[in-house]
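Down below is the structure, laid out as structure tokens.
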Amino acid sequence: MGIGKVPVSAGGGAGGLDYDIIPGDATHSMLFYSMNSTEPGTAMPELARTVIHKEGVKLIRDWINSMPK
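Add 172 to the 1-based position in the sequence shown for this note's numbering, that's all there is to it.
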């Protein structure tokens, strides 16, 4: 994972997104996408894949969106 970094090991789990983190744009960032999914091969973290930690997802979304574009 990295800012402006192309996901290299996500396989099909990247959801067609081009970058791990896009500053100021959580919706198009793979980190936010993966944390907000319960799909096998996409969901992150790998533990507790059937539950989305809403507070954690909000924290990451707000953090990414607070970054200058």
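Backbone N, C-alpha and C define an ideal beta-carbon position, used for all residues, glycine too.
Per-residue burial, residue i [other beta carbons within 10 Å of its own, 16 or more giving buried]
i: L203; result: buried
i: S206; result: buried
i: D234; result: exposed
Distance between residue j and residue i (C-alpha atoms, nearest Å)
i: V223; j: T210; result: 7 Å
i: K226; j: V178; result: 25 Å
i: T214; j: G176; result: 19 Å
i: L189; j: D197; result: 12 Å
i: P212; j: G187; result: 12 Å
i: L231; j: I193; result: 14 Å
For residue i, the residue or residues it bridges with in DSSP
i: S201; result: Y191
i: I232; result: I232 pairs with nothing; no bridge assigned.
Secondary structure of residue i, DSSP reduced to three states
i: I224; result: coil
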